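Trainee: Just dropping this structure here.
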Amino acid sequence: MSTLEIKDLHASVILDDETTKPILKGVNLTINSGEVHAIMGPNGSGKSTLASTIAGHPKYQVDSGSVTLDGQDVLAMSVDERARAGLFLAMQYPVEIPGVTTSNFLRSAKTAVDGEAPSLRTWTKDVRAAMEKLKIDTDMLLRNVNEGFSGGEKKRHEILQLEILKPKIALLDETDSGLDVDALKIVSEGVNRALEQDNTGIMLITHYTRILRYIKPQFVHVFSDGRVVDQGGPELAEQLENEGYDRYVQAAAK
Amino acid sequence: MSTTDQTARDTQDTSEEVGGVPTGEDRVAIPGMSQEGETLQEGRNQAGEPEIRHTQHGDISGVPDSSRAGRFTSYDVADFPPLTSTLEDWRFTPLKRLRGLDDAALDGPAPAVSVTGGDAVEVTSVPRDDARIGSAGIPEDRVSANAWSSFREATVISIPRDAEVQEPLIVTFTGESDRPAAQHVVIDAGENSRALVVLRHVGTAVLSQNVEFSVSDGASLTVVSLQEWTDDSVHASSQQARLGKDATFKHVLVSLGGDLVRVTPSTRFTATGGDVAMYGLTFVDEGQHLESRLFVDHSVPRCKSRVNYKSALQGENAHGVWVGDVLIRAEAEGTDTYELNRNLILNDGPRMDSVPNLEIETGLIAGAGHASTTGQLDDEHLYYLMSRGIPEDQARRLVVRGFLFEIIQQVGVEALEEQLRASLEDELARTES
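Protein sequence lines correspond, in order, to chains A and B.
Read left to right, the first sequence gives residues 562 to 815 (the numbering used here).
Read left to right, the second sequence gives residues 776 to 1208 (the numbering used here).
If you want it as structure tokens, here you go:
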């Protein structure tokens, strides 16, 4: 049983001219193993900033507050230490890395996270089986990381990593964006496997309710202007589906 | 638009003058400078000196030639002026470190040639009067001409017509002397043949080398030129290719070792349908000068060229130079070309000079472009890898290797790629320790 605890988190984005702009304005959120928390909100409300700040992206600075994983101070860790501690971020825009093959990358990541090289005997078989379930052509292993991948392939590759690395807590940053219905189902099945088999806690960031038909959240949090402004169960998502974010945006503007 | 077009307008004008000084629209503040840049062509000589003839003696005039088309060529070293750093072609090269390749008698022993693999390929040593010598190009600089004037015997590698050579031909040049030497190599790919040739340079040498690639109609030739010299070696290599109709030529340059290595690959087309890809990988360590100057001369219609050169630089006085000249002549309609140079600076201390030159004399082309970037490791790449638990130092190594391995991946023969990766690993291990 693991717990990610975010307390009164304030964070800013560092702009190109090195000035900063506050984005997160006091986020409180607790995610336990096996739970699915949907973070929903209008564009620009700070959802992705929350995920990137927890993962340690250098473009964001924490102004105050705390993030702990099983009591350990996440904010004091480097990006790679956070991943090795059991955090995973499925990125909204995974970058292409020329010259690094997916095969080499996956093995390096697995070795780093587990602290030892995966068993030669089962590794290739396990990876191929995971790829098959996500309907990823195994040719991808020979291709460079994300290079020339379609939008759908990139997202499936992120979920492949989720299934292989088996984190304690996974942050999924708009994993549903740019996916057609078939791809959305396949990706959702992957997330549900991580949930059931590895008991991973999931923070599911999304703008739309569509993915919630396939991944069932126990908790729905509405994000607006850098903080959680409303929360509830799955019924809140249905309400948002019908009403949109207007009333939260208007409330934030006051 | 080519510079020739620009100045046609400049030279016509005699209109508004007051006391011999132009006024109005064409008034320029600095003699020789128009509003569009420096005027290098005929006429307009403010000092009343003889006009500069850009078509013949570009280098000799001492004025940077405006067009690569006008580059002077000769087999005779005496036809070239002594090297100075004011010559466009030599402005980045530390001339003192050439160890006499430009003006000394090149009478040292040339690196020994040994050959493995390449079933069906004939390798012979021939005298200077062999007809195949000079089939692909004329020296374009003094160092190359010096070698041409000096070499005694040439190595000719002959790929018979229609031959499909399965196994790569590995030609190893082993240097064992630091006396200035000359060497001449001809690779003659017969019609419709297919082959991969590796030119591997090892040992110690002070060498000026001319390498000719004659790629006949329909032939497909891949050449990997690998420079793995000792740290005190000096190597100037002029590598000229001449392509027949529908010929395909892939040139992969890998420069790793040597004090000063200057490779000048050039490609010329003689008929339509030619396809050239030129790749380069250099790893420049502390104190090294590794220079690559390439030229693609599109002089006939409907040929294609792709250029992708990459370098990584690390350490004090690590100096990399890349000059990419691509010329699309007026008659080369339907040309499709793109050249790219990317350089990765790994720490404080190195210097990279990157100069893409694209001259276009016709608008009737399929495509033309160039790009050059020099920078440090991409933070987003590091972040992505680290977010998967990979420690920073390992992530940096992965990205650097990835950046450079992209070129090795162009070779297309796994066993050979493995060897190249191993060579590069040695290089990286030296600098990382």
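Even for Gly, the Cβ is constructed at its ideal location relative to N, Cα and C.
If you're wondering where the values come from, they're calculated on a predicted model, not measured in any experiment.
Just by C-beta distance, which residues in the stretch 1176-1203 of chain B are closer than 9 angstroms to chain A?
Mentor: Listed by position, the residues of the stretch 1176-1203 of chain B near chain A (Cβ gap below 9 angstroms) are Arg1176, Gly1177, Phe1178, Leu1179, Phe1180, Glu1181, Ile1182, Ile1183, Gln1184.
Trainee: Quick check on this structure: which residue in Gly794(A), Pro778(A), Ser563(A), Thr770(A) has the alpha carbon closest to the alpha carbon of Tyr806(A)?
Mentor: When each option's Cα is compared against that of Tyr806(A), the closest is Thr770(A).
Trainee: I'd like the list of long-range same chain contacts for Glu824(B), defined as Cβ closer than 7 angstroms, with 5 residues on each side in sequence excluded.
Mentor: Interpretation of Glu824(B) is limited by its pLDDT of 41, a score under 50 that renders its predicted location unreliable; the figure taken from the coordinates is listed afterwards. No residues qualify anywhere along the chain.
Trainee: Of all the residues that make up the stretch 1130-1152 of chain B, which are near chain A by a beta-carbon distance shorter than 7 angstroms?
Mentor: Answer set for the stretch 1130-1152 of chain B: empty.
Trainee: At 7 angstroms on the CB atoms, spell out the chain A contacts of Tyr1158(B), in chain order.
Mentor: Near Tyr1158(B) (Cβ distances below 7 angstroms), the residues of chain A are His618, Pro619, Val640.
Trainee: Would you report the Cα separation of Val656(A) and Glu951(B), rounded to the nearest angstrom?
Mentor: One C-alpha to the other measures close to 47 angstroms.
Trainee: Could you pull out every residue in the same chain whose Cβ sits closer than 7 angstroms to the Cβ of Leu726(A), ignoring the five residues on either side in sequence?
Mentor: The answer, listed in chain order, is Phe649, Ala670, Lys671, Val674.
Trainee: Which full runs of the beta strand (DSSP E) of 3+ residues lie inside the stretch 1037-1091 of chain B, going along the chain?
Mentor: Whole beta strand (DSSP E) segments, 3+ residues: 1050-1059, 1064-1073, 1079-1088.
Trainee: Does DSSP put Asp631(A) in a helix, a strand or coil?
Mentor: Coil at Asp631(A), not helix or strand.
Trainee: Note down, in chain order, every chain B residue with its Cβ under 9 angstroms from the Cβ of Gln722(A).
Mentor: Per Cβ cutoff of 9 angstroms: Arg1163.
Trainee: Using a Cβ-Cβ cutoff of less than 7 angstroms, which residues in the same chain neighbour Ala895(B) once the five nearest sequence positions on both sides are dropped?
Mentor: So the list reads Pro935, Ala938, Val940, once near-sequence residues are dropped.
Trainee: Can you tell me which of His618(A), Gly676(A), Lys608(A) puts its alpha carbon nearest to the alpha carbon of Ile575(A)?
Mentor: The candidate whose alpha carbon is nearest that of Ile575(A) is His618(A).
Trainee: If contact means a Cβ-Cβ distance below 8 angstroms, which residues of the stretch 722-755 of chain A contact chain B?
Mentor: From the stretch 722-755 of chain A, only Gln722, Leu726 have a Cβ closer than 8 angstroms to chain B.
Trainee: Counting only the same chain and skipping the five closest in sequence on each side, list residues whose C-beta sits under 7 angstroms from that of Val901(B).
Mentor: Counting only Cβ-Cβ distances below 7 angstroms, and skipping sequence neighbours, we find Glu928, Ala929, Val931.
Trainee: Is Asp1034(B) close to chain A, meaning its C-beta is less than 8 angstroms from at least one C-beta of that chain?
Mentor: Not one chain A Cβ lies under 8 angstroms of Asp1034(B).
Trainee: Which word fits Gly607(A), buried or exposed, when buried means at least 16 other C-beta atoms lie within 10 angstroms of its C-beta?
Mentor: The residue in question, Gly607(A), is buried, as its Cβ has 16 or more Cβ neighbours within 10 Å.
Trainee: Any idea which residues DSSP pairs Gly1142(B) with across the strands?
Mentor: DSSP output for Gly1142(B) lists Asp1111(B) as bridge partner(s).
Trainee: Would you say Asp1154(B) reaches chain A, if we count a Cβ-Cβ gap shorter than 8 angstroms as a contact?
Mentor: Yes, its Cβ sits closer than 8 angstroms to a Cβ of chain A.
Trainee: Can you check DSSP and say which residues form a bridge with Phe649(A)?
Mentor: Partner(s): Ala731(A).
Trainee: Can you grab the Cα-Cα spacing for the pair Asp905(B) / Val961(B), in whole Å?
Mentor: Cα to Cα, Asp905(B) sits roughly 10 angstroms from Val961(B).
Trainee: Using a Cβ-Cβ cut-off of 6 angstroms (strictly less than) and excluding sequence neighbours within five positions of Ser749(A), which residues of its own chain qualify?
Mentor: Result list for Ser749(A): Tyr775, Ile776, in chain order.
Trainee: Where Arg1017(B) and Arg1043(B) are concerned, what is the direct C-alpha to C-alpha distance, given to the nearest angstrom?
Mentor: Cα to Cα, Arg1017(B) sits roughly 5 angstroms from Arg1043(B).
Trainee: Within 8 angstroms of any Cβ in chain B, is that where the Cβ of Val574(A) sits?
Mentor: Taking Cβ atoms only, chain B never reaches closer than 8 angstroms to Val574(A), which makes this a no.
Trainee: Have a look at the DSSP bridge pairing and note the partners of Thr722(B).
Mentor: Because chain B here runs from 776 to 1208, residue 722(B) falls outside it and cannot be looked at.
Trainee: Tell me Glu1106(B)'s beta-bridge partners as DSSP assigns them.
Mentor: DSSP lists no partner for Glu1106(B).
Trainee: Taking the beta carbon of Ser991(B) as the centre, do at least 16 other beta carbons fall within 10 Å, making it buried, or is it exposed?
Mentor: Classification of Ser991(B): buried, given that the 10 Å Cβ count is 16 or more.
Trainee: Does Gly660(A) get closer than 8 angstroms to chain B when you measure Cβ to Cβ?
Mentor: Yes, Gly660(A) counts as interfacial toward chain B.
Trainee: Gln1169(B) CB to nearest chain A CB: under 8 angstroms?
Mentor: By this cut-off, Gln1169(B) is an interface position.
Trainee: If you follow the alpha helix (DSSP H) that Thr683(A) is part of, which residue opens it and which one closes it?
Mentor: Element bounds for Thr683(A): 681-694.
Trainee: With a threshold of 8 angstroms between beta carbons, is Leu1173(B) in contact with chain A?
Mentor: It does; some Cβ of chain A falls within 8 angstroms.
Trainee: Is any heavy atom in the ligand FMN found nearer than 7 angstroms to the beta carbon of Glu863(B)?
Mentor: You won't find the ligand FMN in this model; it holds no ligand whatsoever.
Trainee: Any idea what DSSP makes of Asn985(B), helix, strand or coil?
Mentor: Residue state, collapsed to three classes: strand.
Trainee: Output the boundary residues of the beta strand (DSSP E) element that contains Phe948(B).
Mentor: 944-964 is the span of the beta strand (DSSP E), which, as asked, contains Phe948(B).
Trainee: Near Leu1119(B), which residues of its chain fall below 6 angstroms by C-beta distance, leaving aside the five closest residues on each side in sequence?
Mentor: Once the five neighbours on either side are set aside, the close Cβ partners of Leu1119(B) are Ala1087, Phe1178.
Trainee: Give me the subset of the stretch 849-869 of chain B whose CB atoms are less than 8 angstroms from a CB atom of chain A, sorted by chain position.
Mentor: So the list is empty, because no residue satisfies the distance condition.
Trainee: Check the DSSP bridge columns for Leu996(B) and list the partner residues they point to.
Mentor: The partner list for Leu996(B) (beta bridge, DSSP) reads Ala970(B), Phe1024(B).
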